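So the protein sequences, as listed, match chains A and B.
With the numbering used here as the guide, the letters of the first sequence map in order to residues 356 to 546.
With the numbering used here as the guide, the letters of the second sequence map in order to residues 33 to 228.
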Amino acid sequence: MTAPGTSVRVIEGSETGFATTKLDALLNWAKKYSLFQYPFVTACCGMEFMAMASPRFDMARFGAEAPRFSPRQADLLWVVGTISQRQAPALRRIYEQMADPKWVLAFGTCASCGGFYDNYTTVAGIDKIIPVDVYVPGCPPRPEAVLDGLMLLQDKIARGDREPGIVKPRRDAAVLGGNLVKLGKKDKAAT
Amino acid sequence: MSKRVLEILGEKFGHDVLETHSQFGDDTAVVSPARWLEIARFLRDDPRCAMNMFVDITAVDYLGRQTQRFEVVMHLRSLERGHRIRLKARVGDEDGQNAEIDSVVSVWKGANWFERETFDMFGVVFRGHPDLRRILMYPEFVGYPLRKDYPADKIQPLIEFRKVQDKLPPFGPDEGMSFGRQTHDYRRDEPGGEAN
């Protein structure tokens with residue numbers, strides 16, 4: 356449908372133009388926005404994960420919303436929660452069964468380094484078992500931090516970087532300026 | 033409220049009730065482990081006690097504090113009469129040997145997993161338990177982790193750990209024990225202190 360008074364011209368042959376890119380860059384770009392995740396959810400961080408996947412924080416915005424509870428169909432392993440020594444073989448098997456290329460995100464401090472557990476039962480960080488691409492610290496991590504981690508991972512995928520990365524803590528802009536936002540108190544000078 | 037139960041126990045079992053204790057409505061009886069099962073069955077069946085609800089069973093390791101090292105602790109409650117009681121029995125010697133007691137699974141079915149857990153964590157053997165094997169730890173685990181003489185930093189991994197070369201600055205070789213075994217002997221204002 357065209358509005359009255361406008362004309363339609365079909366672009367033909369040499370007029371169409373083209374885009375150049377490296378094959379790697381194209382593939383990385385495609386991988387970056389089609390992460391199929393395997394949530395390995397074991398502990399309290401699982402609730403944070405649910406919050407992050409739900410509409411308020413909406414992980415789906417990043418092209419990473421398709422959970423697949425089958426390692427063959429997933430390429431991003433979310434390790435969410437404490438991993439015990441007893442679970443360690445299961446976690447490694449799932450990682451090994453995932454098809455390449457695959458990435459791992461350690462969600463929260465327990466998955467990253469064992470958290471405050473220092474005992475006979477907890478693995479002090481899943482990187483003792485499987486390689487990790489992004490660590491998201493925090494107990495639990497803020498959803499923003501996890502989204503930062505996801506974006507960091509996507510950035511690393513786009514760059515072809517397999518070095519482990521860590522999500523740095525954000526500084527609250529309101530605190531940085533030295534002005535803490537006071538709730539419930541109106542500024543007398545402003546009124 | 034359950035002092036009456038303690039009195040009944042004392043009358044019925046005499047010297048096999050070694051100690052009783054009542055404080056703030058909690059009533060405790062330390063009984064002879066030899067008559068543990070008999071006392072349990074009596075508490076369930078006697079209409080004056082009617083302890084029809086098994087709450088839990090566990091153990092406490094009093095290493096070096098008493099000649100019989102473990103105390104098996106059982107909590108019971110009567111739904112009909114609304115009273116509760118705590119039963120204890122002292123078993124085992126200094127090395128953790130002979131820590132044996134009768135299983136009460138034949139009295140309350142619910143004791144099954146609790147006794148398995150107590151066996152798993154403390155190594156207390158429940159005679160007559162239908163299926164006494166580890167429940168929380170893996171079968172390959174050696175020793176009993178909640179015993180006081182189990183080394184706090186000892187781990188028994190099921191799979192070999194990776195040789196990790198790619199450690200990031202926050203995750204050093206002492207990862208996982210940042211405020212446990214490490215001693216922070218620098219001052220806050222020194223380099224490497226918390227202020228940095």
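For every residue, glycine included, the Cβ atom is placed at its ideal position computed from N, Cα and C.
The structure presented is a predicted model; accordingly, all values stated were derived computationally and were not measured.
For A/Phe462, the closest alpha carbon among the candidates A/Pro394, A/Leu382 and A/Glu367 is that of A/Pro394.
By the criterion of a C-beta distance shorter than 6 Å, B/Leu178 is surrounded in its chain by Met153 and Phe154, once the five residues flanking it on both sides are discounted. For B/Arg165, the secondary structure class from DSSP, reduced to helix, strand or coil, is coil.
When CB distances to chain B are screened at a threshold of 9 Å, the residues of the segment 451-475 of chain A falling below it are Ser467, Cys468, Gly469, Gly470, Phe471, Tyr472, Asp473, Asn474 and Tyr475, in chain order.
Put simply, of B/Phe56, B/Ser135, B/Gly96 and B/Ala143 the residue whose alpha carbon is nearest the alpha carbon of B/Asn84 is B/Ala143. Against chain A, the CB of B/Arg194 has a partner CB under 8 Å away; the residue lies at that interface. If you draw a straight line from the Cα of B/Gln55 to the Cα of B/Val174, it comes to about 39 Å.
In the assembly as shown, A/Lys457 is a buried residue. Its beta-carbon has 16 or more other beta-carbons within 10 Å. Listed along chain B are Ile191, Phe193 and Arg194, each with a C-beta nearer than 8 Å to that of A/Ile484.
Residues of the segment 175-189 of chain B with a Cβ closer than 8 Å to any Cβ of chain A, in chain order: Pro177, Tyr182, Ala184, Asp185, Lys186, Ile187, Gln188 and Pro189. For A/Leu502, the enclosing alpha helix (DSSP H) starts and ends at Pro498 to Arg514.
Under the 8 Å Cβ criterion, the segment 420-432 of chain A counts as touching the segment 377-394 of chain A, having at least three qualifying pairs. By the beta-carbon neighbour count (other beta carbons within 10 angstroms, threshold 16), A/Pro519 is buried. The beta carbon of B/Glu103 is closer than 6 Å to those of Val92, Lys120 and Arg122 in its chain, skipping five residues each way along the sequence. When Cβ pairs closer than 8 Å are counted between the two stretches, the segment 478-487 of chain A is seen not to touch the segment 505-512 of chain A, the count staying below three. The beta carbon of B/Ala72 is closer than 6 Å to those of Val136 and Val139 in its chain, skipping five residues each way along the sequence.
Leaving aside the five residues that flank A/Trp384 on each side, the residues in its chain whose CB is nearer than 7 Å to its CB run, in chain order, Ala513. Excluding its 5 nearest sequence neighbours in each direction, A/Gln452 has C-beta neighbours in its own chain below 8 Å: Pro426 and Arg427, listed in chain order.
A direct Cα-Cα distance of roughly 9 Å separates A/Met414 from A/Leu505. Per DSSP, reduced to three states, the secondary structure at A/Tyr393 is strand. The beta carbons of B/Ser34 and B/Leu50 sit no closer together than 8 Å.
In this model, B/Leu168 and B/Arg148 are separated by some 9 Å (Cα to Cα). Inter-residue distance for B/Phe193 and A/Thr464 is about 19 Å (C-alpha atoms, whole angstroms). Counting along the chain, the unbroken beta strand (DSSP E) around B/Lys120 starts and ends at Arg116 to Val123. Burial check for B/Gly160: the Cβ neighbour count within 10 Å stays below 16, so the residue is exposed. Ranking A/Asp503, A/Pro498 and A/Val522 by CA distance to the CA of A/Ala406 puts A/Pro498 first. For B/Leu111, DSSP records no beta bridge to any residue.
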